[in-house]
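A.B. asks: Encoded as structure tokens, here's the structure I'll be asking about.
Residue numbers (the numbering used here): 5 to 176.
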């Protein structure tokens, strides 16, 4: 109970960031609309080709003939998301029918809470820290990454505030 009272405003802030993002992205959240650009279609086609080849030959293909006139699949980062821990939970949610856009919502909230944590750690007023977190989570550049199919870049950007927060905490 002490944990909840100690971090009550942090939990409320996380909820506020989630509500703001949920309100602004209500149609993609329900699956009614999706963000999709040409760069998001290519990886999906490659993954489909890998899956079909794996089913046909019974093992993971070592050569991907449909990328750049041929590309070795070993160390090509084609299935790197299989090793990204939050992906296990997000894939489970997709398997029970929750739209894949929730993956991005999770990362928008993560990004906003990261900036909130940095600003709180620096002693900034908590309402200003909350505004900073919301502003970062809704940064047009971050949203545009998702729109144009660069979701992995957005996910990487979401972790940067936490890296900075960790470095600041390390040197305290």
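C-beta atoms are modelled at their ideal positions from N, C-alpha and C, and glycine is treated no differently.
Rounded to a whole number of angstroms, what is the C-alpha to C-alpha distance between residue 68 and residue 56?
C.D. replies: The straight-line gap from Cα to Cα measures roughly 12 Å.
A.B. asks: Going by DSSP, what residue range makes up the alpha helix (DSSP H) through residue 72?
C.D. replies: No alpha helix (DSSP H) contains residue 72, which DSSP labels as neither H nor E.
A.B. asks: Apart from the five residues just before and just after residue 75, which ones in its own chain have a Cβ nearer than 7 Å to its Cβ?
C.D. replies: Taken in chain order, the residues that qualify are 68.
A.B. asks: Alpha carbon to alpha carbon, how far is residue 30 from residue 105? Give it in angstroms, no decimals.
C.D. replies: One C-alpha to the other measures close to 10 Å.
A.B. asks: So what does DSSP say about residue 65, is it helix, strand or coil?
C.D. replies: Residue state, collapsed to three classes: coil.
A.B. asks: Measuring CB to CB, does residue 121 end up less than 7 Å from residue 141?
C.D. replies: Result no, Cβ atoms of residue 121 and residue 141 do not sit closer than 7 Å.
A.B. asks: Excluding the 5 residues flanking residue 89 on each side, which residues of the same chain have their C-beta closer than 7 Å to its C-beta?
C.D. replies: Correct list: empty, nothing qualifies.
A.B. asks: Within the stretch 6-53, note down every full alpha helix (DSSP H) run reaching 4 residues or more, in order along the chain.
C.D. replies: Taking only runs of at least 4 residues, the alpha helix (DSSP H) segments lying wholly in the stretch 6-53 are 6-10, 12-28 and 30-34.
A.B. asks: Taking the alpha-carbon positions, what's the residue 149 to residue 63 distance?
C.D. replies: C-alpha separation (whole angstroms): 33 Å.
A.B. asks: How should residue 51 be labelled, buried or exposed, when 16 other C-beta atoms within 10 angstroms of its C-beta is the threshold for buried?
C.D. replies: When all chains shown are included, residue 51 counts as exposed.
A.B. asks: Taking the straight line between their C-alpha atoms, what separation do you get for residue 78 and residue 9?
C.D. replies: Taking the straight line joining both Cα atoms gives about 49 Å.
A.B. asks: Tell me which same chain residues have a C-beta within less than 6 Å of the C-beta of residue 172, skipping the five on either side of it?
C.D. replies: Cβ within range, chain order: 125.
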